Ligand code: I85
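Numbering (this note's numbering), first residue to last: 122 to 480.
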């Protein structure tokens, strides 16, 4: 199952990981599907990050997509090795990754001196994230969990590279795959049958818009009135595209940047910008020519540090809602097209009638 024709095949190793790596107790991060701990290569002494997943089909999909995606793009965290081991009595997948020592994107920006973070730098950060998305979308993979916690820097120093991680919700959206079901004749396939591919990708584009907005001002475009979990009011604002560019944070930000955000946060996924349109956008393409206007993001992030957990939770919830909505929409379409009992009955009847006519 690991790997396919257009990728390097991945065979999880079966030998104990402790042959090759020394696992320390140090926890680097906690995901919903598993924890990430520190480990060291016995051969080189180099430090790596190890993600421990229970070996279930969903975990296999995550590792397979992440492994295929991390080659050929320097903005996706690289997988070094995968082991299939028994770990505390359970079958586990142990994923050895390059260790991102620079921490999360917004922690890094928050640590910057006031006004040292500029619109030009924000453009270069968005360009890096966009390159990761472009790579994924060109492979027909939607990440579907693009959020601040999944954007990590490789090193603490200036040379650190921003990389995307966690493919726990990633989905392969090959039209060929979805058309392999016997109910479709590819020549006559309706646009909405091909639609889901676009909706999964447009989820990543919306996330890019939210991240770009936060990067430029330090707070998100949509927020809940009551702090934590997503509220009906916030859902309504997201649905209606109710957000603003308030002063003073936005007063000096270029209209090119605001225009790009508007394109990414369009409520109708059909009208939202695609990744190729973003790569062609001049604020992205010519980011080195974006004015180096000082931003207020670093200070706002620092001053609002106590609500950052709520902001992250809200984004997590919004992404979950979006994935459910789009998946649901796919199910409705597939069901009505393929398992329509009346159509099935009529088809068998008409065959009988035709047979009777012929004889
Ligand atoms: N290194 N979402 C938040 C981490 N190197 N981290 C998360 N899903 C993953 C953790 C919880 C992301 O798939 C995650 C995943 C993978 C990693 C990951 C991969 C590679 C790291 C869940 C660090 C790290 C290492 C040293 C220092 C620091 C961080 O997290 C810091 F700077 F924070 F001190």
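All C-beta atoms in this analysis are idealised placements derived from N, C-alpha and C, irrespective of residue type, glycine included. Predicted model only: the values in this text are computed from it and were never measured.
Distances from the alpha-carbon of residue 269 to those of 361, 432, 443 and 177 put 432 closest. Counting only runs of 3 or more residues that sit fully inside the region 237-296, the beta strand (DSSP E) segments are 272-274 and 283-285, in chain order. Per the DSSP secondary-structure output, residue 213 pairs in a beta bridge with 175 and 206. Collapsing the DSSP output to three states places residue 414 in coil. Remark: the C-beta of residue 226 is outside contact range of the ligand I85, defined as less than 7 Å to any heavy atom. Shown here, residue 141 sits in coil according to DSSP, grouped into three states, outside any helix or strand. Annotation for residue 358: 343 place their beta carbon closer than 6 Å to its own, counting only its chain and skipping 5 residues before and after. Counting only the Cα atoms, residue 418 lies some 28 Å from residue 256.
In the three-state reduction of the DSSP assignment, residue 430 falls in the helix class. For residue 173, the distance from the CB to the nearest heavy atom of the ligand I85 is not below 7 Å.
Taking every protein chain shown into account, the CB of residue 393 has 16 or more other CB atoms within 10 angstroms, so this residue is buried. For the ligand I85, a non-hydrogen atom lies closer than 7 Å to the CB of residue 220.
DSSP, read as helix, strand or coil, puts residue 235 in coil. Annotation for residue 162: no alpha helix (DSSP H) segment contains it, though the beta strand (DSSP E) segment containing it runs 156-162. Boundaries of the alpha helix (DSSP H) around residue 379: 376-385.
A residue is called buried when at least 16 other Cβ atoms come within 10 angstroms of its Cβ; residue 445 does not meet this threshold and is exposed. Taking the C-beta atoms as reference points, residue 220 is found no nearer than 8 Å to residue 253. Here residue 423 really is in contact with residue 231; their C-beta atoms are around 5 Å apart, less than 8 Å.
For the options 214, 140, 192 and 244, the alpha carbon positioned closest to that of residue 174 is the one of 214. Counting along the chain, residue 397 sits inside the alpha helix (DSSP H) bounded by residues 396-401. Under the three-state reduction of DSSP, residue 225 is assigned to strand. In this structure, the ligand I85 has no non-hydrogen atom nearer than 7 Å to the beta-carbon of residue 177.
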